[in-house]
Amino acid sequence: MKKACVIDIQRYCIHDGDGIRTTVFFKGCPLRCVWCHNPESMNFEPQLLYSREKCGLCLLCKKACPISCIETGPNGVLTQPGCTGCGGCVDVCPNGAREIAGKSCSAQDILNELDKDAMFYEQSGGGVTLSGGEALAQDADFLEELLKGCKKRGFHVSIDTSGQAPWSKFERVIPYTDVFLYDIKLMDGERHKKYTGSGNELILSNLTKLSETGAKIYIRLPLIEGINCSDEDMNEILRFLKGINVQRVYLLPYHKIGSHKREKLGLEEAATDMAPPDRERLERIKGNFEQNGFDARIGG
Amino acid sequence: MTERIEKLKSQSMSAVPHIDISRAKLFTEAYKLFEGAVSVPVLRAKAFYHYMENKPLYIGDGELIIGEKGSSPQAAPTFPELCCHTVEDLNIMDSREKISFKVSGETKRMQAEEIIPFWEKRSMRTRIFQNLDDEWKACYGAGLFTEFMEQRGPGHTVGGGVFYKKGFLQLKDEIQSEIAALDFLSDRDALTKREQLKAMAIACDAIMLYAKRNHDFALDKAREEPDPARKAELLKIAENCAVVPANAPKNFWQALQMYWFVHIGVTTELNPWDAFSPGRLDQHIYPFYKADVQSGELDEEKALELLECLWVKFNNQPAPPKVGITLKESSTYTDFANINTGGISPDGSDGVNDVSYLILRCMDEMKLLQPSSNVQISRKNPQKFLLEACKIARKGWGQPAFYNTEAIVSELLNAGKTIEDARKGGSSGCVETGCFGNEAYILTGYFNIPKVLEITLNNGFDPISSQQLGPKTGRAEDFKSYGELMEAFKTQMNHFLDIKIRGNHIIEKLYAENMPVPFLSCVVNDCIKKGKDYNAGGARYNTNYIQGVGIGTVTDSLSAIKFNVFDNKNFSMNELTDALKRDFEGCERIYRLVTDRTPKYGNDDDYADEIMKSVFRIFRDSVTGRPNIKGGSYRIDMLPTTCHVYFGEVLGASANGRKKGKPVSEGISPDKGADRKGPTAVLKSCSKMDHLSTGGTLLNQKFTPSVVEGETGLLQLANLIRAYFNMDGHHIQFNVVDRQTLIDAQNDPEGTKDLIVRVAGYSDYFHNLSRTLQDEIIERTEQSFC
């Protein structure tokens, strides 16, 4: 049986599309966006998270580590490369300063969790969202099994994707997906590469093809001041979107949620000068999309 | 809001609660005059008459609905025949930090010289404690249960429709006919019935006399009034008093005044728990509203103003002053008069009407602690009604609460009521189900379920009060299985409920014989027909409730034992009982296992939820169906008021990691910080309880404003309610917390573990977030108020 690494299955998500939804956050992403607010979802393997704030420096974890890869340093008790994510140190920590992000789940495990809120989906016109990380970076057979299970239950399914996946993956999931939440970060390929680690050719060509299949698409635009939301950036996106068929556009102003998670992962701090566009600007961007006939919404 | 209402509201909110001695004085005079010369019911009626004949009158500036329990707003009469306060009690009330009442020197003198000498040795409180045995007293003192009737009268009843259709002249006629029809030849209770009916006739006269005095008082005021507009109002008030309560109300205004006269009568005759309430107010007054609007006598704004005048009246009456344990279990000025809006009509159709929406507006504008306002939501009610109610609820001050009409009707049918009586019923007090106008549903006391587990784990011994209170059901270390533990728990539960109910029977009998309430009996069906008092079983239905507290705490504690001691052998029972004795000091491993690594109620996890179901069944089956002495039987409620704090104070550490003395869980809500999977998981867990076999359950949910803001937040809030009610949930209410709460939560992370905040594309528990992120959310929350 195929399995996938899941960070969390979050119930009562009400801002990612329609109704009350349960969102599955898969672990693993092909992109490395500098503004990522879920940095623990980049790697595909389970990872140790460590909170300096909660740590009492008792070193019980160090004693418990079977492969001795825990060291003390100026930033607390850090785990060195080589950690297998076995969780031995998590169990002994008296303060709950250590946790493992990511758990291997079968499609059935996930479906069992999704089933729990079925009456809420029904009541609210909600359903299930597959997100990440990158949902489409997961194994195609696994995804198909999961999606078939959702459809058998009559769940409405959204897939939240960066678009950075082979078209063949899309072909496997399209028959079972009601809505694609599709991110566009930048139209400029070079800057796209600079800020996300990859170019955007595949993302844009997949989006065009997806639109041609008649799929329902909600575009999501992360907006980071000084990086990707100048008037010119916005106009380029607008021009592109006018050439394809999308149902909604969500504007997602940047927030700093990712920073404390980076710290827990022992990653370097992200650039500190990132900021959301101010309210006035945000409204202007929204207005611009609306004038061009798009159903644009802030947040989500 | 009109200028008049603004003034009355601010006056109501700023007036200082104080003791009003006039009732105590007048009742004492009457007892001195009549006691021994007449039967007990007639004595009570004559005392009530004497009070109505002489009580102070009050018509405030701008008031349109008149009548106060005392001589001015926020006056609290006392009831020395139930609880005769010592001078020290009065001093404490006067000076205590919370729920204080000002007491004048003259009042203290009067209490010492006139009230105490007469009542000290004969108040119900004294008699009750004289008649209860040591075993009961030991358990009461140890905090296994509380006792509702030691300071207040048996209550919990809600007005039906009778006094909107019949005045007290007609009720008195009916009473006289019953007297005339008594069969002294073959009915051996004929004399008892006659005395009761005579008393009820006197009570009718008393309330009509009170109205007559108000009529004359209003006319006097009108004569002196220089402002012609106010003069006209006072004349109208006098005219109203000439019609009601002697006759049925003729218009909307009089209907509200009628209710209020009855309210004053019921709540000064004695001080029944949860006061009195108009219940299905929107349905009762809609016919008057419709007729008045059609005739042009009334418009929406005028009707709203009159309703708001009534709201002020409720808020003017603090709950009777309490002392001791009774204060701890209900530490509030609120007297729980609880108005039900919406729901269905007696014929089963959608009950929402124009007045329902008007009451929502009134609730929203007034934002008063009293009356407690709720909405009944039926699947037949329009979505618009639910959304309008949600718009008010998300403002975050806890009202309206939401009740499930279909659940209420099923609960009442399960308790043997007729379908029509069930549909006329609702929830009152906090969440208690009853047939409005037809039922005496007496709350008898809270029951400390986690305490029963503590005693079970100590072989019947209470480690806090150091007494052997329960039978020896075995040492915890000797239980070979979880099943053996549960058997012992069940034995202990039955033992303590036996003690509680034995005590109840004594108290109930004392009230039936010594404290009849002839006035209340006039307005509750079928007291007149039966010639029997409300406190003696005169109502059509007679239910006693025991309210279970701490189901979340006890479930998680049992889960901690089952999961760690029996199923996974993470530690032994010895190690656990040792950790409990040490309040988890130096037991970090066990503490962490039970707090963080054990299935808990509130997460839609069957491991814990099955335990909740089994505890619930044991409690319910120990109570439900036992007979009371009024011909009715016992049922359970799952609600705490403020008793979960008191019950925690008398409890050592719990196996779920709850520290000694900390509050236990409230209502059917999960223990603090136990629920980690969001609101849908909480609702799923809660709905695994068999609500329909109870008389009401209480669930609190906390949100930050951003979770419920905007169209989406509103719609999904409504969907949560609908889905919970589809699963037979009885009640839910929402706290939408503000910035200050978040700041407080930062300073007290342990105590606010269940606070959910919306972070970005998802929600999280506030305590889970880093300080920085918390700061950001606090700022964001403030913005969301702009």
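Residue numbers (my numbering), protein chains in the order written: chain A, 1 to 300; chain B, 301 to 1086.
Beta carbons: idealized from backbone N, C-alpha and C, even for Gly.
What you are looking at is a predicted structure, and each value in this text was computed from that prediction instead of being measured.
Terminal residues of the beta strand (DSSP E) in which residue i lies
{"i": "Asp183 of chain A", "result": "Val179 to Asp183"}
{"i": "Cys83 of chain A", "result": "First-last for Cys83 of chain A: undefined, no H or E at that position."}
{"i": "Ser168 of chain A", "result": "First-last for Ser168 of chain A: Trp167 to Val173, but that is the alpha helix (DSSP H), not the beta strand (DSSP E)."}
{"i": "Tyr703 of chain B", "result": "Ala701 to Asn704"}
{"i": "Cys13 of chain A", "result": "Lys3 to Cys13"}
{"i": "Gly734 of chain B", "result": "Glu732 to Gly734"}
{"i": "Phe919 of chain B", "result": "Counting along the chain, Phe919 of chain B falls outside any beta strand (DSSP E), though it belongs to the alpha helix (DSSP H) covering Asp906 to Val923."}
{"i": "His944 of chain B", "result": "Note, His944 of chain B: premise wrong, no beta strand (DSSP E); alpha helix (DSSP H) at Cys943 to Glu949."}
{"i": "Arg52 of chain A", "result": "Taken as a continuous stretch (DSSP letters only), Arg52 of chain A belongs to no beta strand (DSSP E), as it is neither H nor E."}
Beta-carbon separation (whole angstroms), residue i vs residue j, contact threshold 8 Å
{"i": "His944 of chain B", "j": "Val849 of chain B", "result": "6 Å"}
{"i": "Glu711 of chain B", "j": "Thr994 of chain B", "result": "7 Å"}
{"i": "Ser371 of chain B", "j": "Ser314 of chain B", "result": "About 17 Å; that fails the 8 Å criterion."}
{"i": "Ala1087 of chain B", "j": "Asp762 of chain B", "result": "Because chain B spans 301 through 1086 in this model, residue 1087 of chain B falls outside it and cannot be assessed."}
{"i": "Leu308 of chain B", "j": "Gly367 of chain B", "result": "No, Leu308 of chain B and Gly367 of chain B are not in contact; Cβ-Cβ is about 14 Å, not under 8 Å."}
{"i": "Val462 of chain B", "j": "Asp582 of chain B", "result": "Contact doesn't hold; Cβ gap of about 17 Å is too wide."}
{"i": "Ser985 of chain B", "j": "Tyr901 of chain B", "result": "6 Å"}
Test item: CB-CB of residue i and residue j under 7 Å
{"i": "Leu939 of chain B", "j": "Gln792 of chain B", "result": "no"}
{"i": "Arg279 of chain A", "j": "Tyr250 of chain A", "result": "no"}
{"i": "Ile110 of chain A", "j": "Ala135 of chain A", "result": "no"}
{"i": "His584 of chain B", "j": "Tyr464 of chain B", "result": "yes"}
{"i": "Asp937 of chain B", "j": "Gly973 of chain B", "result": "no"}
{"i": "Gly19 of chain A", "j": "Gly149 of chain A", "result": "no"}
{"i": "Phe702 of chain B", "j": "Ile416 of chain B", "result": "no"}
Test: residue i CB closer than 7 Å to a CB of chain A
{"i": "Thr1012 of chain B", "result": "yes"}
{"i": "Glu1082 of chain B", "result": "Any reading at Glu1082 of chain B is ruled out, since the residue's pLDDT is 44, under 50, leaving its predicted position unreliable."}
{"i": "Ser987 of chain B", "result": "no"}
{"i": "Asp798 of chain B", "result": "no"}
{"i": "Thr1052 of chain B", "result": "no"}
{"i": "Val1008 of chain B", "result": "no"}
{"i": "His318 of chain B", "result": "no"}
{"i": "Ala1060 of chain B", "result": "Low confidence applies to Ala1060 of chain B: its pLDDT is 48, below 50, so where it sits in the model is not reliable, and the reading given next is rough at best. Closer than 7 Å: yes."}
{"i": "Glu569 of chain B", "result": "no"}
{"i": "Asp904 of chain B", "result": "yes"}
{"i": "Glu600 of chain B", "result": "no"}
{"i": "Glu875 of chain B", "result": "no"}
{"i": "Arg892 of chain B", "result": "yes"}
{"i": "Leu687 of chain B", "result": "no"}
{"i": "Glu888 of chain B", "result": "yes"}
Chain-ordered chain A contacts of residue i [CB-CB under 8 Å]
{"i": "Met1027 of chain B", "result": "Met119"}
{"i": "Asp896 of chain B", "result": "Gly96"}
Residue-chain proximity (residue i, chain B), Cβ-Cβ < 7 Å
{"i": "Ile14 of chain A", "result": "yes"}
{"i": "Arg11 of chain A", "result": "yes"}
{"i": "Ile159 of chain A", "result": "no"}
{"i": "Ile100 of chain A", "result": "no"}
{"i": "Lys63 of chain A", "result": "no"}
{"i": "Ile20 of chain A", "result": "yes"}
{"i": "Lys116 of chain A", "result": "yes"}
Proximal residues of chain B, C-beta to C-beta of residue i below 7 Å
{"i": "Gln124 of chain A", "result": "Residue identity differs from the one stated: residue 124 of chain A is Ser in this sequence, not Gln. Residues of chain B passing the Cβ test: Gln1016 and Asn1019."}
Interface residues of chain A facing residue i [CB-CB closer than 7 Å]
{"i": "Thr705 of chain B", "result": "Result: empty, since nearest Cβ-Cβ is about 17 Å, beyond 7 Å."}
{"i": "Pro979 of chain B", "result": "Tyr12"}
{"i": "Ala251 of chain B", "result": "Past the boundaries of the shown model lies residue 251 of chain B; chain B is included only from 301 to 1086, so the question cannot be answered."}
Endpoints, alpha helix (DSSP H) assigned at residue i
{"i": "Lys1002 of chain B", "result": "Note, Lys1002 of chain B: premise wrong, no alpha helix (DSSP H); beta strand (DSSP E) at Asn1000 to Phe1003."}
{"i": "His515 of chain B", "result": "Ala490 to Glu524"}
{"i": "Glu966 of chain B", "result": "Counting along the chain, Glu966 of chain B falls outside any alpha helix (DSSP H), and DSSP gives it neither H nor E."}
{"i": "Ala689 of chain B", "result": "Gln683 to Ala693"}
{"i": "Thr328 of chain B", "result": "Ser322 to Phe334"}
{"i": "Lys103 of chain A", "result": "No alpha helix (DSSP H) contains Lys103 of chain A, which is instead part of the beta strand (DSSP E) from Lys103 to Ser106."}
Residue i Cβ short of 6 Å to the ligand FAD heavy atom set
{"i": "Ile227 of chain A", "result": "Within the structure as shown, the ligand FAD is missing, as the structure has no ligands at all."}
Partners in chain B for residue i, counting only beta-carbon separations shorter than 8 Å
{"i": "Glu53 of chain A", "result": "Ser1070 and Arg1071"}
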